[in-house]
Amino acid sequence: MMTRHFQQLPKAYVAYPKLMQTMLKKNSHQPLLPELEYVVDQLQIDAKHLRRYQNLTGFATTQQVPALYMAMLAQSLQMHMMSVAEFPFQVLGLVHISNQLEQLRPVLAHEVMQLSCRFGTLAPHAKGLAFDFITEVKIDHQVVIRARSRYLSLQKGGSRAHKVADALQDVYLPKDEWQVAENIGRQYALHSGDFNLIHLHRLSAKAFGFKRAIAHGMWSKAQVLSRLDLPNAYCVDVEFKKPIYLPSRVELLTAQNGNLAFLLRNTQDHQPHITGILSEI
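Counting from -11, one number per residue, gives the positions in the sequence shown under the numbering used here.
(1) Between Ala243 and Ala135, which are expected to be in contact by the criterion C-beta below 8 Å, what is the C-beta distance as a whole number of angstroms?
(2) Looking at C-alpha atoms only, which residue of Ile122, Pro112, Leu110, Leu103 is the closest neighbour of His129?
(3) Would you mind giving the Cβ-Cβ distance between Val53 and Leu96, rounded to the nearest angstrom? I have them listed as a contact below 8 Å.
(4) Where does Ile127 sit, in a helix, a strand or coil, going by DSSP?
(5) State the Cα-Cα distance for the pair Gln(-4) and Gln256, rounded to the nearest angstrom.
(6) Going by CA-CA distance only, name the one from Arg138, Leu191, Met8, Pro162 that's closest to Val238.
(7) If you run the structure through DSSP and keep just helix, strand and coil, what is Ala135?
(8) Any idea what DSSP makes of Pro(-2), helix, strand or coil?
(9) As a quick exercise: from Leu38, Ala114, Cys223, Gly173, pick the residue whose alpha carbon is nearest that of Pro231.
(10) Taking three-plus beta-carbon pairs below 8 Å as touching, is the region 186 to 202 in contact with the region 43 to 58?
(11) Three Cβ pairs or more, each shorter than 8 Å: is that satisfied between the region 105 to 119 and the region 39 to 46?
(12) Using a Cβ-Cβ cutoff of less than 7 Å, which residues in the same chain neighbour Ser314 once the five nearest sequence positions on both sides are dropped?
(13) Since Asp164 and Leu240 are thought to touch, with beta carbons under 8 Å apart, how far apart are those beta carbons, to the nearest angstrom?
(14) What number of angstroms, rounded off, separates the C-alpha of Leu266 from the C-alpha of Pro219?
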């Protein structure tokens, strides 16, 4: 395992020139992920940046740091990791399909943290190949947050997607409903550094096969979590289903069955955007 250390979080946009070069890369039939870990040794939270994130995602503007905020910061490390020559996939062809997040205790903005990210497993998927990024946040050498993000590289010969059924609508109860603005992709991109063209404008999104721009999955997940009662220690596991086209109106439904299940869907056609489970640790 090769570990690279940073004194501060690298800017995501610095990786973009190298990421664009991956458009010319052919996906390997027998790819290997680099044995690579990136670490920010002493990360200090920018209070203004945190407050802006809380305002964008609906979290209360307190000193408590949403665990998903740390996962968003880790995406900057992920972009740099995908820009290395040994990374085997075209970045623009990747699909974020799931995210698991664990908070072991509340984290406060004044605490100094270590943020690390490494490649996880690579596994066959019905539509190609899937791989993981594994993120850890440590304070005083103790893990306080873990995250696992799974991405899919679409491969020729993969099976067609099955239609996702509306999830047990007789069990789920309405929790909230809101309008997703047309410009939220640009707002979140400016804040997160994730300037994937599918999120920015309908014209750039059409170039990649989308009828309109779509919302960031991690922004959508944050909107859901900000509306739930989160325990001090919890695990939340989500799958990203159909994209949220901008603008859209969405509704959040929940079901209690030991753990809290939730569903984010479109209000008109009931197509699911996110499904997930929240459990206390």
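Glycine included, C-beta positions come from ideal geometry on N, C-alpha and C.
With the structure as the only source:
(1) As a working note, residue 243 is residue 255 in the sequence shown. As a working note, residue 135 is residue 147 in the sequence shown. With 8 Å as the limit, Ala243 and Ala135 do not qualify as a contact, their Cβ atoms being about 24 Å apart.
(2) Here residue 129 corresponds to residue number 141 of the sequence shown, with the count starting at 1. Of Ile122, Pro112, Leu110, Leu103, the smallest CA-CA separation from His129 is found for Leu103.
(3) Position 65 of the sequence shown, counting from 1, holds the residue named residue 53. Position 108 of the sequence shown, counting from 1, holds the residue named residue 96. Contact annotation, Val53 with Leu96: C-beta distance approximately 7 Å; criterion of less than 8 Å satisfied.
(4) Position 139 of the sequence shown, counted from the start, is the residue given in the question as residue 127. Reduced to three states, the DSSP call for Ile127 is strand.
(5) Your numbering for residue -4 matches position 8 in the sequence shown. Your numbering for residue 256 matches position 268 in the sequence shown. Looking at the backbone, the Cα of Gln(-4) and that of Gln256 are separated by about 44 Å.
(6) In the sequence shown, the residue the question calls residue 238 occupies position 250. Answer by Cα proximity: Pro162.
(7) For the purposes of this step, residue 135 is identified with residue 147 of the sequence shown, where counting begins at 1. Three-state DSSP puts Ala135 in a strand.
(8) By 1-based counting over the sequence shown, the position of residue -2 is 10. Shown here, Pro(-2) sits in coil according to DSSP, grouped into three states, outside any helix or strand.
(9) As a first step, residue 231 must be located in the sequence shown, where it is residue number 243. Ranking Leu38, Ala114, Cys223, Gly173 by Cα distance to Pro231 puts Gly173 first.
(10) Contact between the region 186 to 202 and the region 43 to 58 is absent, because fewer than three Cβ pairs lie under 8 Å.
(11) With a cut-off of 8 Å, the region 39 to 46 and the region 105 to 119 do not count as touching, because too few Cβ pairs lie within range.
(12) Here the chain comprises residues numbered -11 to 269, so residue 314 is not present and cannot be evaluated.
(13) For the purposes of this step, residue 164 is taken as the residue at position 176 of the sequence shown. For the purposes of this step, residue 240 is taken as the residue at position 252 of the sequence shown. Taking a contact as a CB-CB distance under 8 Å, the pair Asp164 and Leu240 counts as one, their CB atoms being some 5 Å apart.
(14) If you number the sequence shown from 1, residue 266 lands on position 278. If you number the sequence shown from 1, residue 219 lands on position 231. If I take the Cα positions, the gap works out to 9 Å.
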